[in-house]
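Chains as they are written, first to last, in this note's numbering: chain A, 1 to 372; chain B, 1 to 372; chain C, 1 to 372. All C-beta atoms, glycine included, are put in the ideal place defined by N, C-alpha and C. What you are looking at is a predicted structure, and each value in this text was computed from that prediction instead of being measured.
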């Protein structure tokens, strides 16, 4: 179902990926698990190894999720995908949540939104544009994502707007509000699914590529892989979260940069491979669907779920209050995406522009001295 | 004239309203006036009664205004409508102005802009969308309103941008600037009328519904009703304004929430009835015209007029300086309206999205602890 | 090449300008140079004289630049134009840079962006609209400019967003970041040239007016004029920069107002003459190209070059950190331009709206008391 594809970020890993080099990186998984036990203080090494190990696991997770979703029909598949689509991000963030590293969690949520909206989308437009003079895609899908991202941005802005007028009010009231907003965002996401998959699916159907996507695995293998890989990602994420702050210091990176850029890129690695390959095949609807769909999912589903989860597994509840710079970046990224995609056409320069804007953010965060 | 309709918010109350239950609420008007004399300390009771009494009065006022406007021809009718269209809001706000409750006045102006832009428009799209699969409307009208709202937003942002850099400068300079900006906004509104009613009226003409609107009353009855009802609204408004703050405490609502949400909804009740009914009849041009036209009128006419009036009837002059959160909400509401209406098409989800965004604001204001 | 015209702001001075009254103002150039020597303390007189002297010099400079660019072919001509197009602004700003008046430099950069985007564009729409009922222009060009301005705006916002979270960090880090961002903006500008002049020039070609533009001067005369006039502008600019602050006090204007409005209008006088005349001839592509092209050039080329130049000629390096109000104005101006030009159509009211928004900014800055 191509509507499902564009909205739900069902990123069918192309056959080649399965027989290819990325999966050789799986060999690093046992290495990192053993290394973490033997040399828990080698933060930089563990950081590098865990990043390399997460990439193939993310690819497997992504493909297994999609195979399961394919078997269960649209409606259930939609929900499954909504739950599992950004599983890598969710598992990494849960590990950070458990460790009480709320700064890293928030940074990675906001970073994933900005990275997917600007970098992934921009690279798709650039790579596609270097091959094709002008490419077209379904505007309606992009508008839906932009609208949902606008809702999420406004929900992020609201508590900060309160905090400015009422710094005294403190955590309790922010907490209550964050919980309500989280429920509201999940509701918005659900309505978006209903709209694009059920009531108005014909609007979001991609035009040309009704072609079969990769058939996927049998349900048993898919479910088995899903279970095993989720456990492995959880184990490796824990090592990643423990090592990332120390490693960041060694590399001279601020924690904001790490959360925003490094974690976001690692978490989205598998999706990017699929989105880029689709752009090179002139299937820009799929690329836009993965890039903006993933940003939407994180903003309206993963983020809110983390807020709710924090009541159960975190040391204290987490709120939706972000530092003002983060809110500004999400707002600007949403605005840029809404502006750029309103035409439904792209060329290489559009991609270059998005990547330049992303670079402005990345540079700013890189230069930003670590807050101590 | 349907162009006048869409721009000037001439909300012809449908016949059914006149013979219907809403007008039974008129019986409450004497009750509230007597109760205010006998039990001036029963704030909660007076608040509830005055809200219930304002609704049918607003409906009558709205219809009388329109009947007068219809008789006077387009140009004069346009000016009359501009002056009388949001008379309920104007009378309530004048009562608050007289009482020196500038916080409530400003809250209700900003609240009316946000409520009309997000809630009224959203509910129209949602109600229409539940009946029709996709609805279309004239983009040009929506663009004009969005442009005017952008002007108003920028005029609201400017004094705050000064205040940030120069808090020492103080009230005198803000006052002078506010007065100049108020005149500028009224000028902008006048030019907008000239553009949409005279020089380029063909662009704003609704396509399909050239049908007759409800004929309205004879001019004598209309003018009489106008005079009597205005006095009644003024009397009830005074009770409303006196009781609202105490009642808010009893209900656990912050003053910001009361100004923003309760007063805005009460003031726009009659218009909403007409706009919703038009949406259910697939006359979305009229709905959009009422919702955005009303927001524009309040932002560029009612608000500025209140600033000028404050020099004559208020204890001290009122400025256009709003608390930052209010400015942010007006800005975001305008941005959302410009984005959402740029396509000229709607479906149920568009309405749901607007209402969700409105709910984010309402929630935030509800949770916001009262500033003391 | 009309694509070059619209993007590169090649403002062919119409023949009438060369034989006309403006050039009589050249007689003031020697007067101001002598007056500055004899009466260096007559600030108000020197200010008025230097403004009057810069206008004809800017017109000559503009025409000479274009004549040179025409002779050298598209690619080289593009680069030349990028370097020389806003030479007046560059020379004035360099004089201020040399004097260490960074507040004036920044004010004039931001002012030129806002003035060109709102006032010049608005006046073109208004003047054209008073003659023609509805005018059309190439949307693609306007979108390109809006996209580039968005990039520049985001680059201006970013250091401020840092400063908010980390005021302690201080100048060194802001400096480093500003330099990186300056290089990034110049890169973005270069890619924009490549896109609109080489790879996708057909998208930006104006439709109707393939007509010849004014032939221009022989290369020798053009180069000679360029050299002499640049020296004269530099000399007069020095007097202007020295007198402007004192004269501002005499006129009761804040330094922000002078930088933003007066310097911006003086610097762009010649371009405005061309843009307005084109609008009156229904050549709106050229008008939009000059107005938005000039804003883009200043934001992505002149401004960044000034930052880099400050390392060589200023007392200390200049950063890209603007006061928050300036950033807000650039952001809003960009947003308004993106919104207004998205339709590719204009009428008088669109121009009036832009000018009203500009007036809001000008009023605010005029009322803003000088920071001491």
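First and last residue of the uninterrupted alpha helix (DSSP H) at residue i
i: residue 245 of chain C; result: 219-251
i: residue 258 of chain B; result: Run containing residue 258 of chain B: none; DSSP gives neither H nor E here.
i: residue 94 of chain C; result: 87-98
i: residue 283 of chain B; result: Neither: residue 283 of chain B is in no alpha helix (DSSP H) and is coded neither H nor E.
i: residue 123 of chain A; result: 121-131
i: residue 268 of chain C; result: From DSSP, residue 268 of chain C is part of no alpha helix (DSSP H); its letter is neither H nor E.
i: residue 34 of chain A; result: 28-38
i: residue 202 of chain A; result: 201-204
i: residue 106 of chain A; result: 102-114
Counterpart residues of residue i in DSSP-defined beta bridges
i: residue 136 of chain A; result: A:345
Within 8 Å, strictly: CB atoms of residue i and residue j
i: residue 149 of chain C; j: residue 337 of chain C; result: yes
i: residue 109 of chain A; j: residue 306 of chain A; result: yes
i: residue 299 of chain A; j: residue 44 of chain A; result: no
i: residue 28 of chain B; j: residue 46 of chain B; result: no
i: residue 128 of chain B; j: residue 151 of chain B; result: no
i: residue 36 of chain C; j: residue 276 of chain C; result: no
i: residue 204 of chain C; j: residue 140 of chain C; result: yes
i: residue 241 of chain A; j: residue 91 of chain A; result: no
i: residue 245 of chain B; j: residue 86 of chain B; result: no
i: residue 374 of chain B; j: residue 33 of chain B; result: Here chain B covers residues 1 to 372 and nothing more, so residue 374 of chain B does not appear.
i: residue 352 of chain B; j: residue 126 of chain B; result: yes
i: residue 292 of chain B; j: residue 121 of chain B; result: yes
i: residue 239 of chain C; j: residue 67 of chain C; result: no
i: residue 320 of chain A; j: residue 181 of chain A; result: yes
i: residue 302 of chain B; j: residue 54 of chain B; result: no
i: residue 178 of chain C; j: residue 144 of chain C; result: no
i: residue 226 of chain B; j: residue 65 of chain B; result: yes
i: residue 99 of chain B; j: residue 237 of chain B; result: no
Residue i (DSSP reduced to helix, strand or coil)
i: residue 314 of chain A; result: coil
i: residue 24 of chain C; result: helix
i: residue 321 of chain B; result: coil
i: residue 359 of chain B; result: helix
i: residue 254 of chain B; result: coil
i: residue 42 of chain C; result: coil
i: residue 167 of chain A; result: Only weak support exists for where residue 167 of chain A lies, its pLDDT of 44 falling under 50; the value from the coordinates is given anyway. Of the three classes helix, strand and coil, the one that applies to residue 167 of chain A here is helix, per DSSP.
Contacting residues, own chain, Cβ-Cβ under 7 Å from residue i (five flanking each side not counted)
i: residue 130 of chain B; result: 348
i: residue 357 of chain C; result: 118, 336
i: residue 111 of chain B; result: 259, 260, 261, 263, 264
i: residue 153 of chain C; result: 330, 331, 334
i: residue 340 of chain A; result: 350, 354
i: residue 40 of chain B; result: none
Residues near residue i in its chain [Cβ-Cβ closer than 8 Å; skip 5 each side]
i: residue 134 of chain B; result: 345, 346, 347
i: residue 97 of chain A; result: 105, 306, 309, 310, 313, 314, 318
i: residue 31 of chain B; result: 49, 53
i: residue 250 of chain A; result: 43, 44
i: residue 160 of chain C; result: 321, 322, 324, 327
Contacting residues, own chain, Cβ-Cβ under 6 Å from residue i (five flanking each side not counted)
i: residue 361 of chain A; result: 329
i: residue 288 of chain A; result: 137, 142
i: residue 366 of chain C; result: 257
i: residue 56 of chain A; result: 22, 23, 25, 26
i: residue 304 of chain C; result: 182, 185, 186
i: residue 146 of chain B; result: 337, 338
Residue i beta carbon near the ligand HEM (any heavy atom closer than 7 Å)
i: residue 287 of chain C; result: As presented, the structure is devoid of all ligands, the ligand HEM included, so that no description of it is given.
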